[in-house]
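**Q** These protein sequence lines are chains A and B, in that order.
Here the first sequence is numbered in my numbering, starting from 1 and rising by one per residue.
Here the second sequence is numbered in my numbering, starting from 1001 and rising by one per residue.
We put the CB at the ideal spot given by N, CA and C, even for glycine.
Note that the structure is predicted; figures quoted are calculated from it, not measured.
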Amino acid sequence: MVEPEKKKDVPDVGQLFKQIKPLMNKSEAYYESSRCLFCYQAPCTLACPTSIDIPLFIRQINNGNLIGAAKTIYQSNYLGNTCGKVCPTEVLCEGACVFTKVNIKPLDIGRLQNFATDHAILTHQKFFEAPGFNGKSVAVIGAGPAGISCACRLRSEGYKVDVYEARNNPSGLALHGVAPYKITNEEALMEVEFLRAQFGFNVFYNKRISGKEDIEHLEAGYDAIFLGIGLGNSAEIKIKGEGKQNCTGATGFIEQIKTGPIEKLTAKRVIVLGGGNTAMDAASESARLGAGKVILAYRRSAAEMKAYYFEYDLAKVAGVEGIFNIAPVEIVGERAVEGVKFIRTETVDGKLRNIPGSEFVIPCDLVIKATGQLKQTSLMAHISGLKVDKDGRITIDEATGQTTNPKYFAGGDAVNGGAEVVNASAEGKFAGSGIHEFLSNKS
Amino acid sequence: MADLKINFAGIKSPNPFWLASGPPTNSGYQIMKAFDQGWGGAVWKTLGVPVVNVSSRYGAINHRGNRLVGFNNIELITDRRLCDNLREMEEVKKYFPGHAVIASLMVQTREEWQQIVRDVQNAGADGIELNFGCPHGMCERGMGSAVGQEPAVLEMITRWVMEVATIPVIVKLTPNISDITEPAQAARRAGANAISLINTIQSLIGVDIDNFVTYPVVDGHSSNGGYCGPAVKPIALNMVKNCAQHPLIRIPVSGIGGIENWRDAVEFMLLGASSVQVCTAVMHYGFGIIRDLNSGLEQYMRSHGFSTIDQFIGKALPNVKHWEELNLNYSIKAAIDESKCIGCQLCYIACEDGAHQAIELNEDKSNRTPRIIEENCVGCNLCALICPVENCITMVRRDDGSQKTTWKQRTDAGHVPVSFDDELAGGLGHSIPNPPEALRK
Chain A
1 MVEPEKKKDV PDVGQLFKQI KPLMNKSEAY YESSRCLFCY QAPCTLACPT SIDIPLFIRQ
61 INNGNLIGAA KTIYQSNYLG NTCGKVCPTE VLCEGACVFT KVNIKPLDIG RLQNFATDHA
121 ILTHQKFFEA PGFNGKSVAV IGAGPAGISC ACRLRSEGYK VDVYEARNNP SGLALHGVAP
181 YKITNEEALM EVEFLRAQFG FNVFYNKRIS GKEDIEHLEA GYDAIFLGIG LGNSAEIKIK
241 GEGKQNCTGA TGFIEQIKTG PIEKLTAKRV IVLGGGNTAM DAASESARLG AGKVILAYRR
301 SAAEMKAYYF EYDLAKVAGV EGIFNIAPVE IVGERAVEGV KFIRTETVDG KLRNIPGSEF
361 VIPCDLVIKA TGQLKQTSLM AHISGLKVDK DGRITIDEAT GQTTNPKYFA GGDAVNGGAE
421 VVNASAEGKF AGSGIHEFLS NKS
Chain B
1001 MADLKINFAG IKSPNPFWLA SGPPTNSGYQ IMKAFDQGWG GAVWKTLGVP VVNVSSRYGA
1061 INHRGNRLVG FNNIELITDR RLCDNLREME EVKKYFPGHA VIASLMVQTR EEWQQIVRDV
1121 QNAGADGIEL NFGCPHGMCE RGMGSAVGQE PAVLEMITRW VMEVATIPVI VKLTPNISDI
1181 TEPAQAARRA GANAISLINT IQSLIGVDID NFVTYPVVDG HSSNGGYCGP AVKPIALNMV
1241 KNCAQHPLIR IPVSGIGGIE NWRDAVEFML LGASSVQVCT AVMHYGFGII RDLNSGLEQY
1301 MRSHGFSTID QFIGKALPNV KHWEELNLNY SIKAAIDESK CIGCQLCYIA CEDGAHQAIE
1361 LNEDKSNRTP RIIEENCVGC NLCALICPVE NCITMVRRDD GSQKTTWKQR TDAGHVPVSF
1421 DDELAGGLGH SIPNPPEALR K
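#1: Taking the alpha carbon of V1282 of chain B as the reference point, which residue from B:E1150, B:G1028, B:L1068, B:R1080 has its own alpha carbon closest?
#2: Would a check of beta-carbon distances place F128 of chain A closer than 7 angstroms to chain B?
#3: Any idea what DSSP makes of P1183 of chain B, helix, strand or coil?
#4: Report the CB separation of N134 of chain A from E157 of chain A in whole angstroms; it is logged as a contact under 8 angstroms.
#5: Below 7 angstroms between beta carbons is the criterion; list the residues of the segment 46 to 70 of chain A that meet it against any residue of chain B, in chain order.
#6: Reducing DSSP to helix, strand and coil, say where C1344 of chain B ends up.
#7: Just the C-alpha distance for Y159 of chain A and I225 of chain A, rounded to the nearest angstrom, thanks.
#8: Cα separation between E1091 of chain B and K126 of chain A?
#9: Please report how far the alpha carbon of I1011 of chain B lies from the alpha carbon of C1243 of chain B, in whole angstroms.
#10: So does the segment 1331 to 1349 of chain B actually touch the segment 1291 to 1309 of chain B, counting three or more Cβ pairs closer than 8 angstroms?
#11: Using CA atoms only, rank isn't needed, just tell me which of B:S1056, B:G1070, B:P1234 is closest to N1062 of chain B.
#12: How would you call G1343 of chain B, buried or exposed, if buried means at least 16 neighbouring beta carbons within 10 angstroms?
#13: Under three-state DSSP, which class holds I1290 of chain B?
#14: Whose C-alpha, out of B:R1302, B:Q1277, B:S1366, B:R1410, is nearest the C-alpha of E1260 of chain B?
#15: Give the residues of chain A in contact with V1389 of chain B, contact being defined as C-beta atoms less than 8 angstroms apart.
#16: Three-state secondary structure (DSSP) at V161 of chain A?
#17: Can you list the residues of chain A that N1261 of chain B reaches, using a CB-CB cut of under 7 angstroms?
#18: Touch check for the segment 314 to 324 of chain A and the segment 43 to 51 of chain A: three-plus C-beta pairs under 8 angstroms?
#19: On the DSSP letters alone, give me the boundaries of the alpha helix (DSSP H) that F430 of chain A sits inside.
#20: Can you tell me whether DSSP reads F115 of chain A as helix, strand or coil?
#21: Suppose the cutoff is 6 angstroms on Cβ atoms and the five residues either side in sequence are ignored; what does the same chain contact list for A1236 of chain B look like?
#22: Looking at chain B, is there any beta carbon in it that lies within less than 7 angstroms of the beta carbon of F310 of chain A?
#23: Does G1305 of chain B come within less than 7 angstroms of chain A when only Cβ atoms are used?
#24: Which residues does DSSP pair with F409 of chain A in a beta bridge?
#25: Give the residues from the segment 1298 to 1328 of chain B that approach chain A closer than 7 angstroms (Cβ to any Cβ), ordered along the chain.
#26: Quick check on the burial criterion: 16 or more other C-beta atoms within 10 angstroms. Buried or exposed for V348 of chain A?
#27: If you drop the 5 nearest sequence neighbours on each side, which residues of the same chain put their C-beta closer than 7 angstroms to that of S1027 of chain B?
#28: Roughly how many angstroms lie between the CA atoms of I148 of chain A and G142 of chain A, to the nearest whole one?
#29: For a contact defined as C-beta to C-beta under 9 angstroms, what are the partners of V40 of chain A on chain B?
#30: Which chain E residues are close to Y205 of chain A, counting only those with a beta carbon under 8 angstroms from its beta carbon?
#31: For H1221 of chain B, which beta-bridge partners are listed by DSSP?
#32: Taking 7 angstroms as the threshold (beta carbon to beta carbon), is G1038 of chain B in contact with chain A?
#33: Got a sec: is the Cβ-Cβ distance from G1148 of chain B to anything in chain A below 7 angstroms?
#34: Please check the pair A1184 of chain B and H1136 of chain B, which I expect to be a contact at CB under 8 angstroms, by giving their CB distance rounded to whole angstroms.
#35: Using only alpha-carbon positions, find the residue among A:K390, A:H382, A:D413, A:S425 that is nearest to D405 of chain A.
#36: Could you round the C-beta distance between F310 of chain A and P328 of chain A to whole angstroms and report it? I think they count as a contact, below 8 angstroms.
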């Protein structure tokens, strides 16, 4: 993986990445929570993938039962704090708030959720107590949101749970992938530790499960296995010149920002290829790190972009320029990137096609590829009978989370192809229930 | 884990939260739903000779966007037949043997009282509540609050009931009276097992100023009704306190009046109520509020180290005294935290116009944090109540607590103002601007 050019001084992360959802003060929380109507069968709850009883926790904040509010949240979503910070609330709970129908600002649900859960984590509340060992053990591969959520669900039934994590930190993309202005590494880690302290699952770091031997070892030692393996590296675009210096994948680029020392970007022009949320993040973060100019290049139109509108707004506010209907055909330059050759595109009869003879070059010194992530196919190949769909996503029984190899269950990005932390949290918990039912019926 | 179970005058309930007699307890269907969601008990909408109700029936005070801060009704007792209600009552008890079903009753003659008591006992009711409180529609015929306002009549009717009752009897009191402890004592003398208060307050909720009639409007006309909802809680709290402290009452009290969340319920319980009843909040939000009530009460008990309800019933009563027993030497002064102040300046104008001119604005208009004039501050804490920011204005104690003196003590020692121009006047020494100065501002 190629690295962008770096300067030696360390900019103030706080300034560069000011939290876009800062913690509320008491007055804010009081007045905002007073606005909630306490709807019946509330649309916000229905919109939440983990079905948090939102009116209840907002009411509990309002009448001074902060602990109760956090408990309400955690009873539905083990990653309540992370989700409150990174969820695209504008298109989930807040977007569903009944107030939007009369042009009243929707309840600031994400920040209210943070207000309650931050307090619970910082005061070390204990909401759960794992019962005694029930005699069975489960291995979880991946300590990301899906794996942690599954682990908690299983621990609440008394299973021994061992989580195997390839990296030296948990939280998966919540730590390595989500933009730092949404959640800091510290915050992501604190919640996992908050959960581990109550549930008592074990996490083994720097333990990548890769070969046939690892798989056989797990199958022999555990009654069931949960695959919370997520996705792989950034996908290749498969164009000429992709291997040049300073042409990098978004996943790796963002991971560097989140795990390495923050250093200003010296790149004068950055081109981000892609139209999804990851592309928006990569663009926003490049701009905030001081890149001279950041261009977002998407092969379809702006209206067809997969990214959430508010993520694109965020990028535009940071100074990113979006150029649409251009597809990359070659990375040009001597050894390092000097530009990208594009061809203009158009949609004819619903199909995207290149416009012949419309090639042109945009000069740049850094290219970030954000057109998708690869699947973890090499690991999955070692699991006998494990079916995946045509896009490489693990096939599961929708009712239980079980894969086509009965000993294996799965959830999160590896199954849904790359969605939100809240989806991984819901799917991991759901699969945990599936594993419990499966193992209870077996004996 | 906190234990929310109660035994109220012999009536067992899984928690202290009951539905009060009203529209939410009109039918067995509603009560079953409520029990299923976690309510501990329900008082059936008052049974008697069924009525015919009017439309419209309700009015509300919506205070600047906050709906149903106060609520009014001109609805009467049940308009359903007794046989239908009794049949449903049996059914509810079949499904929920462990939940408390109390039958509220309002009839006239001795025969009617004794017959209906037997009927509800046969239907499986766990308790009876005598409705001596309805302030409209029934009292004109000598029932409801007409009884509640006449202790002698109340005692007589209660005795009739006690002759045949085999389950606990609760007397529900009306607040439309000068001293609620009088009918409460009458109930006690008659042998009632408990009292519940308050019923609704006689009121007119508002006037339609364009059509020159009050609300609710029934074909261009209206009538006074019963006021309830969050706005009446302070009146109810005071009356509960009066009954709980009275030496000649000493029977369990069920608290009613504007309870919407767990904190309201705890307030009633700390003043002596050992069960609480809710009506208006359920009409507003549905039975689902029980999730907040149970969760909040549990958390309160856990954080205060109470494992059972009876450990804190009445815990605030010893601290509620007569005014003349309060410490006159307790001195507090307001303090404004400049770092929290948002510059609304409401504290200034409240004190300046409405109290003791003890707050001043800055000469430098760019600094909008007002200043306290300590010599004038009487520690009334009006400013602290008005300030919209949490903990921005606090009251700081100035006396060291070593010297206590009460009005009663001072009176006994002959050290209180007795003449009109007495030098002992409490406000002597506080500077007040000369009247013409008001015109210069």
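**A** Taking the geometry as given:
#1: The residue from B:E1150, B:G1028, B:L1068, B:R1080 with its alpha-carbon nearest to that of V1282 of chain B is B:L1068.
#2: Taking Cβ atoms only, chain B never reaches closer than 7 angstroms to F128 of chain A, which makes this a no.
#3: Here P1183 of chain B sits in helix by DSSP.
#4: Their Cβ separation, rounded to whole angstroms, is 7 angstroms, which keeps N134 of chain A and E157 of chain A in contact under 8 angstroms.
#5: Within the segment 46 to 70 of chain A, the residues whose Cβ lies closer than 7 angstroms to any Cβ of chain B are, in chain order, L56, R59, Q60, N63, G64, N65, I67, G68.
#6: Assignment of C1344 of chain B by DSSP, reduced to helix, strand and coil, places it in the coil class.
#7: Counting only the Cα atoms, I225 of chain A lies some 12 angstroms from Y159 of chain A.
#8: Looking at the two C-alpha atoms, the distance is approximately 41 angstroms.
#9: Each residue's alpha carbon lies about 20 angstroms from the other.
#10: Result no; under three Cβ-Cβ pairs closer than 8 angstroms.
#11: Measuring from the Cα of N1062 of chain B, the nearest candidate turns out to be B:G1070.
#12: By the 10 Å Cβ count, G1343 of chain B comes out exposed.
#13: Here I1290 of chain B sits in helix by DSSP.
#14: Of B:R1302, B:Q1277, B:S1366, B:R1410, the smallest CA-CA separation from E1260 of chain B is found for B:Q1277.
#15: The contacting residues are S27.
#16: It is a strand residue.
#17: The contact set of N1261 of chain B on chain A, defined by CB atoms closer than 7 angstroms, consists of N63 in chain order.
#18: Judged by Cβ distances under 8 angstroms, the segment 314 to 324 of chain A makes no contact with the segment 43 to 51 of chain A, as fewer than three pairs qualify.
#19: Its alpha helix (DSSP H) spans residues 421 to 442.
#20: Annotated three-state conformation of F115 of chain A is helix, per DSSP.
#21: Cβ within range, chain order: I1198, G1257.
#22: At least 7 angstroms separates the CB of F310 of chain A from every CB of chain B.
#23: Not one chain A Cβ lies under 7 angstroms of G1305 of chain B.
#24: The partner list for F409 of chain A (beta bridge, DSSP) reads A:F226, A:Q402.
#25: With the criterion set as a beta carbon lying under 7 angstroms from some beta carbon of chain A, the members of the segment 1298 to 1328 of chain B are Q1299, in sequence order.
#26: V348 of chain A should be labelled exposed.
#27: Result list for S1027 of chain B: E1088, in chain order.
#28: Looking at the two C-alpha atoms, the distance is approximately 8 angstroms.
#29: It is Tyr, not Val, that sits at residue 40 of chain A in the sequence shown. Neighbours of Y40 of chain A across chain B, judged by C-beta separation under 9 angstroms: Y1285, G1286, G1288.
#30: Absent here is chain E; the protein component of the structure consists of chains A and B.
#31: Listed as beta-bridge partners of H1221 of chain B by DSSP are B:V1218.
#32: Judged by the 7 angstroms Cβ criterion, G1038 of chain B is not in contact with chain A.
#33: Closer than 7 angstroms: no.
#34: A1184 of chain B to H1136 of chain B, Cβ: 22 angstroms. No contact.
#35: In the sequence under discussion, the amino acid at residue 405 of chain A is Asn, which differs from the Asp named in the question. Residue A:H382 is the option with its Cα nearest to N405 of chain A.
#36: Not really, about 26 angstroms apart at Cβ, beyond 8 angstroms.
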